[in-house]
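*Asks:* In the order they appear, the protein sequences are chains B and L. Every number in this note's numbering is 9 more than the matching position in the first sequence, counting from 1. Every number in this note's numbering is 9 more than the matching position in the second sequence, counting from 1. For glycine and all other residues, C-beta sits at the position ideal for the given N, C-alpha and C.
Protein chains: 2
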Amino acid sequence: MELKEYLKERKAIIDREILKYLPSVPPFGKRLYEAVKYSLTVGGKRLRPILCMAGCEVVGGNYEEALTPACAIEMIHTYSLIHDDLPAMDNDTLRRGHPTTWYKFDEATAILAGDALLNRAFEVLSQWNFDCDRKIKVIEEISKASGMLGMVLGQQCDMDAEGRKDVTLEELLFIHRHKTGRLITASVVSGGITGGGSEEEIGTLKKYGDSIGLAFQIIDDVLDVIGDQNKIGKNVGSDLEKGKVTFVTFFGVDGAKRKAREEIEKAISALELFPAKKNELLKKLAHFIVEREY
Amino acid sequence: MELKEYLKERKAIIDREILKYLPSVPPFGKRLYEAVKYSLTVGGKRLRPILCMAGCEVVGGNYEEALTPACAIEMIHTYSLIHDDLPAMDNDTLRRGHPTTWYKFDEATAILAGDALLNRAFEVLSQWNFDCDRKIKVIEEISKASGMLGMVLGQQCDMDAEGRKDVTLEELLFIHRHKTGRLITASVVSGGITGGGSEEEIGTLKKYGDSIGLAFQIIDDVLDVIGDQNKIGKNVGSDLEKGKVTFVTFFGVDGAKRKAREEIEKAISALELFPAKKNELLKKLAHFIVEREY
């Protein structure tokens with residue numbers, strides 16, 4: 010299948026399924042429900058849930074088994090965007106081509122909608138009708154990746170680095186690996202755990218995830234310089250404006266692209282553990298990450 | 010044992026144990042770690058973890074078994090206070106006699122410290138060395154109570170009600186039950202699940218929790234009017250200032266106190282299911298909730 014077609018199909022599955030994980034509309038406080046629903050349906054590539062489903066399939070599972078962790082991860086990703094966009098953080102008004110949650114609703118509602126989504130992710134995971142041991146492993150994998158030694162820490166480091174000119178490459182790598190990398194790795198790894206992958210297979214998925222995660226963030230840095238705002242759906246040039254040191258600062262646009270391609274090569278060679286017929290989609294997804302324009 | 014002594018001992022256990030659940034200090038982004046640690050150690054009655062341990066004991070368990078859910082619940086409670094205090098929410102600068110987290114650090118760090126604590130709670134629960142089925146039940150209980158049909162919804166409703174004069178008693182009850190009640194109930198219920206309580210016992214703990222949770226919030230409303238700021242450790246009179254409708258608005262100070270005592274009577278009669286020797290502490294805790302001055 011063409012990758013473009015595949016991405017479209019899988020995105021449609023998540024767009025449909027994720028709404029099933031919303032709770033009932035409450036008698037009071039409907040604004041929270043509306044803000045959560047708005048944030049979940051306003052677009053996005055659904056890359057993380059797609060990786061989760063693909064990780065499940067590559068170890069021999071069925072993608073439908075992985076729908077719960079896939080949607081939980083997308084909820085966590087969405088919460089992180091809502092909070093990152095807040096005035097006290099990145100102060101962004103445009104995301105995925107639409108007003109950010111705080112801009113559309115208000116700050117308090119956006120803070121609570123983020124809290125609600127993070128919480129909801131663990132709620133749906135705990136209610137997942139699945140093998141108890143694997144379920145706990147998936148909850149552990151996701152919570153570690155999104156937590157205070159994972160994504161939240163990455164965002165803190167990103168805030169701390171803003172406007173500083175003395176950010177080293179080591180620090181920048183730390184930021185990227187935590188802010189973006191860890192949850193991308195957790196996506197493909199939780200899929201692998203769900204599908205019953207062996208320890209060796211999970212290790213391979215981890216290497217793959219770490220490499221594509223880093224490449225993904227490097228390309229994000231590149232797109233912030235050379236991207237088309239209409240395609241990306243968010244304000245470009247914001248890194249420079251905020252005085253952020255990025256991969257482009259260190260290596261220039263071409264150098265950064267080269268680094269991203271190197272990571273993708275690493276990811277692809279890790280995949281050799283799996284039969285050629287099975288690993289094809291993860292390979293294509295890796296290529297998509299460096300070639301994407303949005 | 011005297012209740013005062015018991016509360017002091019149990020608080021000391023939590024004060025000590027909760028720090029063990031912090032992750033290692035990261036090489037970058039230490040500010041996040043510091044804000045989390047500050048928020049966890051700045052005081053508080055530790056009522057929820059004490060209820061969790063007591064719930065475990067009343068069904069025949071050992072309180073030490075319940076330390077993980079007890080500390081996880083205190084992390085969730087702490088995160089909710091950090092976010093509630095933010096300028097976009099209640100805009101409070103004083104809590105437990107100390108500067109609030111955003112006031113001591115900054116808004117972005119406080120948002121992230123809250124996120125980190127909510128996330129960390131599920132991380133430590135997933136890593137808890139305990140029976141898989143009970144562990145999942147506890148995660149489900151806690152996540153439902155704190156989530157978008159629980160505590161987060163309560164806070165949203167509280168924000169929506171601010172300044173409105175048409176808040177009905179039904180709406181106020183909904184706010185109180187969600188904002189405060191659900192997590193208090195989940196505290197004692199998770200303790201009961203941890204200790205291996207029967208379905209009937211868990212049902213009783215739920216009734217007990219619902220009643221003391223409501224009484225707790227009613228007394229909070231009362232203390233905001235007649236409390237001593239030095240004892241409570243937060244600004245008093247803030248409900249009136251913010252135009253909040255409370256139990257005191259509906260029933261006056263004495264009427265509200267009477268309502269709280271009625272709830273405590275309900276809680277105590279529910280406890281009759283347990284042997285007199287075993288239920289004594291939960292009874293004393295219920296009385297403490299209406300008689301407290303802080």
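Distance, Cα to Cα, His107/L vs Gly172/L?
*Replies:* Taking the straight line from one Cα to the other gives about 27 angstroms.
*Asks:* Sort Pro36/L, Pro284/L, Pro32/L by Cα distance to Arg129/L and report the nearest one.
*Replies:* Minimum Cα distance to Arg129/L is reached at Pro32/L.
*Asks:* With burial defined as no fewer than 16 other Cβ atoms inside 10 Å of the residue's Cβ, what is the status of Val167/L: buried or exposed?
*Replies:* Per the sequence presented here, residue 167/L reads as Asp, with Val not at that position. Flag for Asp167/L reads buried.
*Asks:* Using a Cβ distance threshold of 8 angstroms, determine whether the region 255–262 of chain L contacts the region 221–232 of chain L, with at least three qualifying pairs required.
*Replies:* These segments touch.
*Asks:* Taking 8 angstroms as the threshold (beta carbon to beta carbon), is Asp94/B in contact with chain L?
*Replies:* Asp94/B does not count as touching chain L.
*Asks:* Can you give the Cα-Cα distance for Ile148/L and Ala224/L, rounded to whole angstroms?
*Replies:* If I take the Cα positions, the gap works out to 25 angstroms.
*Asks:* Taking only beta-carbon positions, decide if Lys144/L is within less than 8 angstroms of chain B.
*Replies:* Yes, Lys144/L lies at the interface with chain B (some Cβ there is under 8 angstroms from its Cβ).
*Asks:* Go ahead and label Glu179/L buried or exposed: buried means 16 or more other beta carbons lie within 10 angstroms of its beta carbon, across all protein chains shown.
*Replies:* Under this definition Glu179/L is an exposed residue.
*Asks:* Given this structure, state the Cα-to-Cα distance separating Val45/B from Leu214/B, to the nearest angstrom.
*Replies:* Approximately 31 angstroms, taken between the alpha carbons.
*Asks:* So Ala170/B packs on Ile151/B, CB below 8 angstroms; how close in whole Å?
*Replies:* The Cβ separation is near 25 angstroms, so there is no contact.
*Asks:* Determine, for Leu192/L, whether the minimum Cβ-Cβ distance to residues of chain B falls below 8 angstroms.
*Replies:* No, its Cβ sits nowhere closer than 8 angstroms to a Cβ of chain B.
*Asks:* Could you name the residues of chain B that Cys65/L contacts, counting a contact when the two beta carbons are closer than 8 angstroms?
*Replies:* Chain B residues near Cys65/L: none, gap ~19 angstroms exceeds 8 angstroms.
*Asks:* Does the region 88–105 of chain L come into contact with the region 66–74 of chain L, if we say contact requires no fewer than three beta-carbon pairs (one atom in each stretch) closer than 8 angstroms?
*Replies:* In short, these stretches do not touch, since the Cβ pair count stays below three.
*Asks:* Should Leu280/L be flagged as near chain B, meaning a C-beta pair shorter than 8 angstroms?
*Replies:* Chain B, which has no Cβ nearer than 8 angstroms to the Cβ of Leu280/L, makes this no.
*Asks:* Where in the region 157–227 of chain L do unbroken runs of the alpha helix (DSSP H), each at least 4 residues long, occur, reported from the N-terminal end onward?
*Replies:* Correct list: 160–170, 178–185, 191–203.
*Asks:* Do Glu26/L and Cys80/L come within 8 angstroms of each other at the CB atom, strictly closer than that value?
*Replies:* Yes, these two residues count as a Cβ contact at 8 angstroms.
*Asks:* Is the Cβ of Thr308/L closer than 8 angstroms to any Cβ of chain B?
*Replies:* With chain L covering only 10 through 303, there is no way to say anything about residue 308/L.
*Asks:* List the residues of chain B whose Cβ lies closer than 7 angstroms to the Cβ of Ser135/L, in chain order.
*Replies:* Going along chain B in sequence order, the residues near Ser135/L (Cβ under 7 angstroms) are Ile145, Ile148, Glu149, Ser152.
*Asks:* Name the residues in the region 168–180 of chain B whose C-beta lies less than 8 angstroms from a C-beta of chain L; which are they?
*Replies:* Under the 8 angstroms Cβ criterion, the region 168–180 of chain B contributes Met168, Asp169, Glu180.
*Asks:* What residues in its chain sit with their C-beta under 8 angstroms from that of Val254/L, if we drop five residues either side in the sequence?
*Replies:* Within the same chain, Val254/L has close Cβ partners Ala170, Arg173, Lys174, Val176, Leu181.
*Asks:* Taking its Cβ as the centre, do 16 or more other Cβ atoms sit within 10 Å of Val34/B, making it buried, or is it exposed?
*Replies:* By the neighbour-count rule (16 or more Cβ atoms within 10 Å), Val34/B is not buried but exposed.
*Asks:* Closest to Glu155/L by CA distance: which of Ser220/L, Asp124/L, Asp101/L is it?
*Replies:* The question names Glu, but residue 155/L is Ser in the sequence shown. Considering only alpha carbons, the answer is Asp124/L.
*Asks:* Identify every residue that forms a DSSP beta bridge with Leu90/L.
*Replies:* According to DSSP, Leu90/L bridges with nothing at all.
*Asks:* Starting from Gly64/L, trace the alpha helix (DSSP H) both ways and give me its first and last residue.
*Replies:* Its alpha helix (DSSP H) spans residues 56–67.
*Asks:* Beta carbon of Lys2/L, beta carbon of Ser196/L: below 8 angstroms?
*Replies:* Residue 2/L is absent from the model: chain L starts at 10 and stops at 303.
*Asks:* Spell out whether any CB of chain B is found under 8 angstroms from the CB atom of Ala269/L.
*Replies:* By this cut-off, Ala269/L is not an interface position.
*Asks:* Under 7 angstroms between beta-carbons, which chain L residues line up against Pro35/B? List them in chain order, please.
*Replies:* Leu158, Leu162, listed in chain order.
*Asks:* Quick one, are the C-beta atoms of Ile193/L and Leu60/L less than 8 angstroms apart?
*Replies:* Contact: yes.
*Asks:* Going by DSSP, what residues sit across from His296/L in a beta bridge?
*Replies:* The partner list for His296/L (beta bridge, DSSP) is empty, contrary to what the question assumes.
*Asks:* Closest Cβ-Cβ distance between Pro108/L and chain B: below 8 angstroms?
*Replies:* So no, Pro108/L is outside the interface.
*Asks:* Determine the direct distance from the alpha carbon of Pro36/L to that of Phe256/B, and round the result to whole angstroms.
*Replies:* Looking at the two C-alpha atoms, the distance is approximately 20 angstroms.
*Asks:* Report the neighbours of Cys141/L on chain B: residues whose CB is nearer than 9 angstroms to its CB, in chain order.
*Replies:* Those are Cys141, Asp142, Lys144, Ile145, listed as they occur along chain B.
*Asks:* Going by beta-carbon coordinates alone, are Arg9/B and Gln165/L separated by less than 8 angstroms?
*Replies:* Beyond the ends of chain B as shown, which are 10 and 303, falls residue 9/B; an answer cannot be given.
*Asks:* Strictly below 8 angstroms CB to CB, what residues from chain L border Ala195/B?
*Replies:* None at all; the shortest Cβ gap to chain L is about 12 angstroms.
*Asks:* Which residues, taken in chain order from the region 24–53 of chain L, show a beta carbon closer than 8 angstroms to some beta carbon of chain B?
*Replies:* The residues in question are Pro32, Ser33, Pro35, Pro36, Phe37, Gly38, Arg40, Leu41, Tyr42, Val45.
*Asks:* Less than 8 angstroms between CB atoms is the rule here; does Cys80/L satisfy it with respect to chain B?
*Replies:* No, Cys80/L lies away from the interface with chain B (no Cβ there is under 8 angstroms from its Cβ).
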